[in-house]
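In the numbering used here, the protein residues as written are 243 to 505. Glycine included, every Cβ here is placed at the ideal spot set by N, Cα and C.
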Ligand SMILES: [Zn+2]
């Protein structure tokens with residue numbers, strides 16, 4: 243288990259994993275242990291995103307069992323469909339007081355190569371941006387091979403509380419989002435991604451959050467990732483920016499509070 247050095251027991255870092263799929267079946271056998279390890283590593287809250295209506299239901303159920311889990315709901319771009327978006331947004335409205343974010347929603351132009359499928363993704367994404375604004379909830383945004391387009395659409399819709407998760411674009415594509423006050427969450431795969439290292443080097447510390455994207459985007463390819471690993475992302479950010487781990491922790495904590503309030 244990775245630990246922070248030099249801290250005493252009561253100086254345990256308070257971290258938030260701002261994007262994880264804890265409802266994933268990969269955690270069915272040992273969810274409690276995974277949560278325990280996260281808490282031992284200093285993770286005080288986990289924003290649990292969803293990809294489907296079924297995930298949204300499951301997330302509410304899990305949050306009832308484990309208070310450290312903060313449920314979100316969204317329709318993953320792979321499943322973009324207007325009727326399903328309608329059903330899911332109805333469910334979210336019905337339980338709005340229990341959700342902490344709308345996500346994971348966004349654009350995935352790697353999955354959707356055809357213009358027709360991309361247009362459906364845009365329509366669904368717009369619908370959830372409007373829903374998030376209406377409910378005053380943060381958006382937890384996926385944008386694979388569509389970073390520039392996702393940012394443009396968010397700005398066009400006037401979105402304000404936004405987290406770009408595991409952003410795979412260049413700094414130039416991220417810049418309008420930085421200027422708009424959006425946040426960027428960094429996963430542990432930072433240690434093995436040249437693109438992410440470059441991006442984190444250029445992004446201001448004031449817009450960075452950490453996430454695990456469990457069970458994927460861990461430090462090792464092919465190994466199940468878990469929320470305790472956000473400490474790996476924190477350490478890697480400190481190394482890339484050549485600043486103290488404590489400074490990263492303080493900044494990330496403040497940024498998380500600015501987007502999510504007190505979790
Ligand atoms: Zn995800």
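- If you draw a straight line from the Cα of residue 359 to the Cα of residue 386, it is about 14 Å long.
- The secondary-structure analysis by DSSP pairs residue 290 across a beta bridge with 262, 313.
- Residue state for residue 409 is assigned as coil, using DSSP reduced to three classes.
- Here the distance from the Cβ of residue 455 to the nearest heavy atom of ligand 1 is below 7 Å.
- The DSSP-derived three-state label of residue 448 is helix.
- Relative to residue 501, the option among 311, 491, 403, 444 whose CA is nearest is 403.
- From the listed residues 345, 361, 391, the smallest Cα separation to residue 380 is found for 345.
- Taking C-alpha positions only, residue 489 is separated from residue 325 by approximately 45 Å.
- Taking a contact as a CB-CB distance under 8 Å, the pair residue 470 and residue 283 counts as one, their CB atoms being some 4 Å apart.
- In this structure residue 334 does not touch residue 310 by the C-beta definition: roughly 21 Å separates them, more than the 8 Å allowed.
- Here the C-alpha atom of residue 457 lies approximately 24 Å from the C-alpha atom of residue 327.
- The C-alpha of residue 371 is placed about 31 Å away from the C-alpha of residue 433.
- If the five residues before and after residue 342 are omitted, its C-beta is found closer than 8 Å to the C-beta atoms of 289, 312, 313, 314, 379, 380, 502, 505, all from its own chain and listed in chain order.
- Secondary structure at residue 505: coil, using DSSP grouped into helix, strand and coil.
- Taking residue 377 as the centre and dropping the five residues before and after it, the same chain places the C-beta of 338 closer than 7 Å to its C-beta, in chain order.
- Ranked by Cα distance from residue 399, the first of 419, 430, 411 is 419.
- When rounded, the separation of the alpha-carbon atoms in residue 369 and residue 416 is 22 Å.
- Distances from the alpha-carbon of residue 265 to those of 308, 443, 463 put 308 closest.
- In this structure, residue 390 keeps its C-beta atom at 8 Å or more from the C-beta atom of residue 423.
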